[in-house]
Structure formats: structure tokens, C-alpha cells
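Here's the structure, in C-alpha cells; my notes come after.
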Amino acid sequence: MQVIRGTQDLPMLCTVGADITQSFSDVTVVLPEGLTPEPVVMSRGDVLFFNGSLIHGSFPNVSQDRFRRALIGHYISGCAKQVGSFYHPAYRMDGTLVEMEDSPMASRCGTWVEVDGTPVVELIDTAEHDKVARHE
Numbered sequence: 010m011q012v013i014r015g016t017q018d019l020p021m022l023c024t025v026g027a028d029i030t031q032s033f034s035d036v037t038v039v040l041p042e043g044l045t046p047e048p049v050v051m052s053r054g055d056v057l058f059f060n061g062s063l064i065h066g067s068f069p070n071v072s073q074d075r076f077r078r079a080l081i082g083h084y085i086s087g088c089a090k091q092v093g094s095f096y097h098p099a100y101r102m103d104g105t106l107v108e109m110e111d112s113p114m115a116s117r118c119g120t121w122v123e124v125d126g127t128p129v130v131e132l133i134d135t136a137e138h139d140k141v142a143r144h145e
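Using our numbering, you'd call the opening residue of the sequence shown number 10 and step up by one each time.
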């Protein structure tokens with residue numbers, strides 16, 4: 010695993026295409042200069058809990074004879090009233106459906122911009138970001 014310390018407090022970043030020869034996922038986020046991934050050395054069977062907003066990923070699997078396996082669980086507070094539409098449906102631990110509204114903030118993502126020489130995240134509408142990504 011690798012993580013970028015301190016990024017758990019950033020808004021959701023807009024994704025860009027990833028090199029699928031190097032990544033399991035076809036999307037990634039752009040990092041400004043100065044933010045460097047740090048390895049989290051783990052052994053077989055280790056568990057890592059972290060805030061899902063933390064920028065994270067893994068190094069390429071270089072094993073010639075094994076797949077990498079991971080169990081991923083996303084949790085939300087039981088008192089939540091809204092959640093991003095991409096998290097619907099949400100279920101309680103007993104399997105019953107949780108009725109929640111879509112969060113209006115979930116329709117925005119952040120891109121890095123420079124303000125007075127410092128990289129900061131500027132929020133944009135995800136539909137606008139998707140148009141740019143599709144070159145419309």
C-alpha cells in the first residue's frame with residue numbers, strides 16, 4: 010500500500026485516466042509537486058483502516074504466480090441523512106435498506122490550482138469535469 014499523508018481532509022478529487030499496465034484501476038488523481046506517496050509496509054493478513062478520502066493505492070503486483078486480494082468495506086455513520094449517489098444503495102448491518110437523500114456536495118470534485126505559489130484544491134461540478142475529460 011501507499012498513502013499520501015494529510016490528504017484525508019481534502020475534498021473529493023477529480024479523477025483522470027490511469028495507466029492500466031501499472032494500476033488495477035483505470036482512474037487516478039493528480040498530485041501536485043511536494044505530495045509524495047509513502048509506502049505502508051504490510052505483511053500477509055495485515056489489516057489497514059483509513060478514511061476513504063485518504064489518497065491511497067498500491068504498487069503493481071510483481072508476483073509471477075499470485076493474485077493480490079483485498080477486502081474493502083465502506084461504512085457511513087448511522088445518523089447520516091445524505092450520501093453521494095454513487096454510494097446508493099446503502100444497507101444496515103441487518104441488510105435492510107437505508108433511505109437517504111443524495112448529497113449535493115457529492116456532485117463536485119476538486120482539481121489542483123496554484124494560488125500565490127501554493128497548490129490548493131478548487132471545486133468544480135463533476136458534469137463539467139466529465140465534459141473536459143471526454144474532450145467535449
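In this text, a Cβ means the ideal position worked out from N, Cα and C, and glycines have one as well.
**At least three beta-carbon pairs within less than 8 Å, the stretch 116-135 to the stretch 97-108** = Three or more beta-carbon pairs separated by less than 8 Å are not found between the stretch 116-135 and the stretch 97-108, which leaves the two stretches without contact.
**Prompt:** If you follow the beta strand (DSSP E) that C23 is part of, which residue opens it and which one closes it?
**Reply:** On the sequence shown, position 14 is the one that residue 23 refers to. C23 -> no beta strand (DSSP E), and no H or E assigned at all.
**Prompt:** Name the DSSP beta bridge partners of G119, please?
**Reply:** Within the sequence shown, numbered from 1, the residue matching residue 119 stands at position 110. BP columns for G119 point to L22, L132.
**Asked** What is the C-beta distance between M49 and M10, in whole angstroms, given that I count them as a contact (C-beta under 8 Å)?
**Response** Taking the sequence shown and counting its residues from 1, the one referred to as residue 49 is at position 40. Taking the sequence shown and counting its residues from 1, the one referred to as residue 10 is at position 1. Note that residue 49 is Val in the sequence shown, not Met. Indeed, because the Cβ distance is near 4 Å, the residues count as touching under 8 Å.
**Prompt:** Near H97, which residues of its chain fall below 8 Å by C-beta distance, leaving aside the five closest residues on each side in sequence?
**Reply:** As a position in the sequence shown, residue 97 is number 88, starting the count at 1. Within the same chain, and ignoring the five residues on either side of H97 in sequence, the residues whose Cβ sits closer than 8 Å to its Cβ are M109, D111.
**Asked** Looking only at its own chain, which residues have a Cβ that is under 8 Å from the Cβ of L63, when we skip the five neighbours before and after it?
**Response** Along the sequence shown, one-based indexing puts residue 63 at 54. For L63, where only same-chain residues beyond five positions count, the Cβ hits under 8 Å are V12, I13, T16, Q17.
**Message:** Given this structure, state the Cα-to-Cα distance separating P69 from S32, to the nearest angstrom.
**Reply:** Translated into the one-based positions of the sequence shown, residue 69 becomes position 60. Translated into the one-based positions of the sequence shown, residue 32 becomes position 23. Computed Cα separation, rounded: 6 Å.
**Asked** Short check: CB of T45 to CB of T24, under 9 Å?
**Response** Position 36 of the sequence shown, counted from the first residue, corresponds to residue 45. Position 15 of the sequence shown, counted from the first residue, corresponds to residue 24. Going by C-beta atoms, T45 is not nearer than 9 Å to T24.
**Backbone secondary structure at P48 - three-state DSSP** = The count along the sequence shown starts at 1 and reaches residue 48 at position 39. Assigned with DSSP and collapsed to three states, P48 falls in strand.
**Message:** I need the straight-line Cα distance from L57 to Q73, nearest angstrom please.
**Reply:** Here residue 57 refers to the residue found at position 48 when the sequence shown is read from its first residue. Here residue 73 refers to the residue found at position 64 when the sequence shown is read from its first residue. Roughly 25 Å between the two C-alpha positions.
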